[in-house]
Amino acid sequence: MIENKDNYPAKEQPEGELTMHEIILKVYKALEQKGYNPINQLVGYILSEDPTYITNYNNARGLIRRVDRDKLLSELVKNYLGITK
């Protein structure tokens, strides 16, 4: 297993598989490139889980569906509060 910065065991990432962070960045960039407000679109998707908030451009819609919404919300809240566990 890979150790993260907090010395908690982290799951190994299979080779070629994107992390949640990488997926969100790719989706953000795709939305931005298509002229959308990426924050508004991502918030709309997170609240509704309606994939039409996310463009198909660069497979962004397919990528965002790989992300577990509950895990994403949990990470967002932890990050906002500065909680590292």
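In terms of the numbering used here, the sequence shown is residues -15 to 69. Glycine residues also receive a C-beta, built at the ideal position from the N, C-alpha and C atoms. Remember, it's a predicted structure, so these values are computed and weren't measured experimentally.
Can you give me the C-alpha to C-alpha distance between residue i and residue j, rounded to a whole angstrom?
| i | j | result |
| --- | --- | --- |
| L26 | G0 | 24 Å |
| K13 | P22 | 8 Å |
| G3 | G19 | With the sequence shown as reference, residue 3 is identified as Thr, and Gly is not the correct amino acid for it. Their Cα atoms are separated by approximately 25 Å. |
| P35 | L56 | 15 Å |
| I48 | K62 | 20 Å |
| N40 | G46 | 7 Å |
| R50 | G66 | 25 Å |
| E59 | E16 | 22 Å |
| I8 | L31 | 15 Å |
How far does the alpha helix (DSSP H) with residue i in it extend, from its first residue to its last?
| i | result |
| --- | --- |
| P22 | P22 to S32 |
| R45 | A44 to I48 |
Is residue i helix, strand or coil when you go by DSSP?
| i | result |
| --- | --- |
| T3 | coil |
| T68 | coil |
| T39 | coil |
| K76 | Beyond the ends of the chain as shown, which are -15 and 69, falls residue 76; an answer cannot be given. |
| K55 | helix |
With 16 as the cutoff for other CB atoms within 10 Å, does residue i come out buried or exposed?
| i | result |
| --- | --- |
| Y37 | buried |
| Y29 | buried |
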